[in-house]
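Some notes on the structure that comes next.
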Amino acid sequence: MSPKTSFLNHRRAAAAVLSSALLLSLTACGGDKDDKADESKASASAPAAPKAANLTVLAASSLTDVFKTAGDVYQKTHPGTKITFSFAGSQELAAQVKQGAPADVLATADTKTMDGLKAETGNPTIIAKNRLVIAAGKGNPFKVDELKDLADTKLKVVLAAPEVPVGRYSKQILDAQKIEVKPVSQEPNVRAVLSKVELGEADAGLVYKTDAAKAKGKVEAVEIPDEQNAVASYPAATLKASKNAEAAAAFVAWLSTPEAQRILQDAGFQQP
53 MSPKTSFLNH RRAAAAVLSS ALLLSLTACG GDKDDKADES KASASAPAAP
103 KAANLTVLAA SSLTDVFKTA GDVYQKTHPG TKITFSFAGS QELAAQVKQG
153 APADVLATAD TKTMDGLKAE TGNPTIIAKN RLVIAAGKGN PFKVDELKDL
203 ADTKLKVVLA APEVPVGRYS KQILDAQKIE VKPVSQEPNV RAVLSKVELG
253 EADAGLVYKT DAAKAKGKVE AVEIPDEQNA VASYPAATLK ASKNAEAAAA
303 FVAWLSTPEA QRILQDAGFQ QP
C-alpha cells in the first residue's frame, strides 16, 4: 500500500468515528428533552397535596381520647398541618357553629345535630358508630345487671340532659322498655356523666361503650342487649366558613381511611 493510500484510509476512519460520536450526542440530547417533557407532563397531571394549615376541629366529648390519638398520627403523616381540638357536647358545638365560632371541621355524636347545621356544613360522612352501656360504680356494689335496675329508687342514677345526644339515646331506650328513671342530675355531656360515677357521686349512669372502656377499673361496664340498645352514628363534616377548606376536606376524608378506622376501632368504636 502506498503512503498516499494509507493516509486516505486513516482520514476516512477518523471521520467515521467523529460522525458516530456526533450521532450519539444528538440522540442523548433528544432523550434528555423527551425525559424532561415526560416528567413535566407527569408533574402536571399529579394531584396537588393540600397546603399546610392550622385546623380547628370541634368534636363530641366521646371522641376526646380517640381524636387526640388520631390527630397525632395525622400530623406526623401530614407535615405542616397542625390540629387543635375543642371537645364538648354536640349541642354545645352546634351552638358555637351557629354563633360563628372560627373552626374548620365538626364531628358530632348523632346525625340529628349535624342535620340541623346543613347551612353551615359540607356533606357529612359517618365515620364511626357506638352503643350505650350502664356505667356502675367500681365493683358494682349495687349489683346493677340490666336497665330495669336503674328504676330502683335506692340508686343514685345520673343521665345526660335530653338535648345531648347520649341523653336522647338514653331516653329512647328507657322509654322503649317503659322504665322510669328519676336521675339525681342531668349532665351536659357524656364525660360529665362518667365522672359522676367515677367519683362516687352517682351509683350508675348511661354512657357510651367507648367511654366506659376508657374508665376500666374505675367503673363497671354493664352491657345492654342489642334489642334494647341504641346505635349512635358519628358524622364529620367541613364547615363552610373554614378558611382552610382544602386541608379541612383532606382531614375529613382521612377519617374514613383504613388507618383512621383502625384507630377508631381500637378505641372500641364500630365501623360506620
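Sequential numbering of the sequence shown, starting at 53, is according to our numbering. Beta carbons: idealized from backbone N, C-alpha and C, even for Gly.
* Which two residues bound the contiguous beta strand (DSSP E) that contains E239? -> 237-239
* Asked: Along the chain, where does the alpha helix (DSSP H) that runs through I225 open and close?
  -> 217-228 is the extent of the alpha helix (DSSP H) around I225.
* **Nearest residue (CA-CA) to D124, options S113, E172, L307** => L307
* Does the segment 178-188 come close enough to the segment 306-324 to have 3 or more Cβ pairs within less than 8 Å? -> yes
* Asked: Rounded to whole angstroms, how far is the Cβ of F213 from the Cβ of E239, which I believe are closer than 8 Å?
  -> The sequence given here places Ala at residue 213; Phe does not occur at that position. Rounded, the Cβ-Cβ distance is 7 Å, consistent with contact.
* To do: Assuming V210 and V242 form a contact by the criterion Cβ under 8 Å, report the distance between their Cβ atoms to the nearest whole angstrom.
  => About 11 Å separates the two Cβ atoms, so there is no contact after all.
* Asked: Near G152, which residues of its chain fall below 8 Å by C-beta distance, leaving aside the five closest residues on each side in sequence?
  -> A293.
* Contact belief for G401 with T262 at Cβ below 8 Å, rounded distance in angstroms -> Nothing in the structure corresponds to residue 401, since the chain is present only between 53 and 324.
* Asked: What's the gap between the Cα of D90 and the Cα of G132?
  -> Low per-residue confidence applies at D90: pLDDT is 44, beneath 50, and the placement is therefore not dependable enough to give any value.
* Less than 8 Å separating the beta-carbons of D255 and G191? -> no
* Asked: Between K150 and A140, what straight-line distance do the alpha-carbon atoms span, to the nearest angstrom?
  -> Their backbone Cα atoms lie some 15 Å apart in a straight line.
* From R220, V118, I276, residue whose alpha carbon lies closest to that of L199 -> I276
* To do: On a CA-only basis, which of T129, K266, L110 is nearest V157? Give me that one, please.
  => L110
* Note the first and the last residue of the continuous beta strand (DSSP E) segment covering P287. => 283-290
* **For E272: DSSP bridge partner residues** => A188
* List the whole-angstrom C-beta distance separating V271 from D197, where the pair is believed to meet the contact cut-off of C-beta under 8 Å. => Cβ atoms of V271 and D197 stay farther apart than 8 Å, at about 15 Å.
* Start and end residues, beta strand (DSSP E) containing S138 -> 134-140
* Report the rounded CA-to-CA distance for Q280 versus T108, giving the unit in angstroms. => 37 Å
* Asked: Considering only the beta carbon of each residue, do I225 and L202 sit closer than 8 Å?
  -> no
* DSSP three-state call for L258: helix, strand or coil? -> strand
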